Amino acid sequence: MKFAFKALFPLFSIVFIASCKFGGNTLPYMNIERVEGADTVFNKIPDFSFTNQNGEEINKQSLKGKVYVADFFFVSCPTICPVMAKNLKKVYERFGNNDKFMILSHTIDPRHDSVEVLKNYANRLGVAAPAWQFVTGKKDEIYQIGYDFYMATIEEDDSEGSGGYLHSGGLILVDSKGRIRGVYDGTNEAQVGQLISDLSILLK
Amino acid sequence: MHKLSLLTIFSLLLIGTFSCKSAEEQRAAELKKEVLEMHDVLMKKTEDLVKMRTQLAKAQNQSKSMVQRTAIKSTIILINAAESFMEDWMQYYAQNEPKADAEIDAVVDFYEKQLKELNRMNIQMDDALEKGKEWLKKMNS
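Taken in sequence, the protein lines are chains A and B. By this note's numbering, the letter at position 71 of the first sequence is numbered 71, and the numbering carries on one by one without gaps. By this note's numbering, the letter at position 2 of the second sequence is numbered 2, and the numbering carries on one by one without gaps.
Laid out in structure tokens, this is it:
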């Protein structure tokens, strides 16, 4: 997965630097669909229905009013996912008690990552819902939501060894109104540190 | 003199043993790197397969020819098989990756086998992607 990291690093860096430049209390808005006069129209998350590690349904309503971090992973991942999980746990430990906060981790191997497998994975990590939701569902729907919403702000890296678009280590920060406010490399400690700072702004 | 020769032979044997072990360890590390790099290549192709399946499923629904629909369905089956191959391999790898204290010969053997398996998977994926592309081209022309 080092290849994916290398390939996408410039993209993450631009977003990362852009987030730093905005600084203060203003984070960028990254999913602007169009501007109509004085109104800005944002690309909205499509309807979805997934199941979390407790067997509960997670849908668009579950995200209402939440500031959350979305990512894509799979339990048997031998490369970036363990590093991402370790870094995300720092985020969970910092904000896990805030009921407006959530981490939404989508498995990209739903055939193997059943509710039970996800539950065991969460237990091994020492984390729990509702602050950290591990969700499974139909594979094509998980990929679709990744392409159409979460990763739509990142230019796709088509190089052969990139490791894939969804499996790139990206962490997507979404505010309480469903607007994407940052994209970070989940394998990079400095960028995860920036994510924590940006979350502090959005959760104030 | 005799004692000195024995000591020299013993030392050379010792050095030989350690340098062999070191070479084997290096080989294992290189093979592991190759396996993980190949895994990344195939992860990207898996995403391409998922995208292609969505496009093919749409084409299948839109086609009025039963022959075409059946042929597209066969290609989707190939895609599903290639995708399952990858998912199953990842499970196997996660559950069987050699532990730190494993015999070095067994470690080298494991990674060599995985590399062969991934190369086989690569061919299967390329075949499914090629057939999918052909159908999409036909449907869009």
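C-beta atoms are modelled at their ideal positions from N, C-alpha and C, and glycine is treated no differently. Computed from a predicted model, the values in this text were never measured in an experiment.
Chain B residues whose Cβ lies nearer than 8 Å to that of residue i
{"i": "Asp109/A", "result": "Glu87, Met90"}
{"i": "Pro78/A", "result": "Leu36, His39, Met90, Tyr93, Ala94, Glu97"}
{"i": "His106/A", "result": "In chain order: nothing, as chain B lies at least about 13 Å away."}
Per-residue contacts from residue i into chain A (C-beta, under 8 Å)
{"i": "Arg151/B", "result": "There is simply no residue 151/B to check, as chain B begins at 1 and stops at 141 in what is shown."}
Residue range of the unbroken beta strand (DSSP E) whose run includes residue i
{"i": "Met102/A", "result": "101-107"}
{"i": "Ser176/A", "result": "Neither: Ser176/A is in no beta strand (DSSP E) and is coded neither H nor E."}
{"i": "Ser49/A", "result": "49-52"}
{"i": "Thr75/B", "result": "Segment 66-96 is the alpha helix (DSSP H) holding Thr75/B; no beta strand (DSSP E) there."}
{"i": "Asp148/A", "result": "First-last for Asp148/A: undefined, no H or E at that position."}
{"i": "Glu57/A", "result": "57-59"}
{"i": "Val69/A", "result": "67-73"}
{"i": "Gly182/A", "result": "180-185"}
{"i": "Thr136/A", "result": "132-136"}
Sub-7 Å separation of residue i and residue j beta-carbons
{"i": "Leu115/B", "j": "Glu34/B", "result": "yes"}
{"i": "Leu199/A", "j": "Phe134/A", "result": "no"}
{"i": "Ile172/A", "j": "Ala70/A", "result": "yes"}
{"i": "Asp175/A", "j": "Leu202/A", "result": "yes"}
{"i": "Ala94/B", "j": "Ser114/A", "result": "no"}
{"i": "Val50/B", "j": "Tyr143/A", "result": "yes"}
{"i": "His106/A", "j": "Phe149/A", "result": "no"}
{"i": "Val67/A", "j": "Lys100/A", "result": "yes"}
{"i": "Met66/B", "j": "Gly132/B", "result": "no"}
{"i": "Ile196/A", "j": "Thr153/A", "result": "no"}
N-terminal and C-terminal residue of the alpha helix (DSSP H) that residue i is part of
{"i": "Ala85/A", "result": "81-95"}
{"i": "Asn31/A", "result": "Neither: Asn31/A is in no alpha helix (DSSP H) and is coded neither H nor E."}
{"i": "Asn119/B", "result": "104-140"}
{"i": "Val127/A", "result": "Premise fails: Val127/A is in no alpha helix (DSSP H) and is neither H nor E."}
{"i": "Asp39/A", "result": "That residue, Asp39/A, is in no alpha helix (DSSP H); its beta strand (DSSP E) goes 39-42."}
{"i": "Cys198/A", "result": "Strictly speaking, residue 198/A in this sequence is Asp, with Cys absent from that position. It spans 189-202 - the alpha helix (DSSP H) in which Asp198/A sits, taken as one unbroken run."}
9 Å Cβ cut-off: residues of chain B touching residue i
{"i": "His167/A", "result": "Asp40, Met43, Lys44, Thr46, Glu47"}
{"i": "Tyr217/A", "result": "This structure leaves residue 217/A out entirely; chain A is present only between 1 and 204."}
Just checking, does the region 66-75 of chain B make contact with the region 45-62 of chain A on the three C-beta pairs under 8 Å criterion? no
On the three-pair Cβ rule with 8 Å, is the region 125-134 of chain A touching the region 24-44 of chain B? no
Decide yes or no for the touch test of the region 52-63 of chain B against the region 93-113 of chain B: beta carbon pairs closer than 8 Å, at least 3 of them. no
Using 8 Å as the cut-off, can you tell me whether the region 95-112 of chain A makes contact with the region 83-97 of chain B, which would need three or more C-beta pairs spanning the two stretches below that distance? yes
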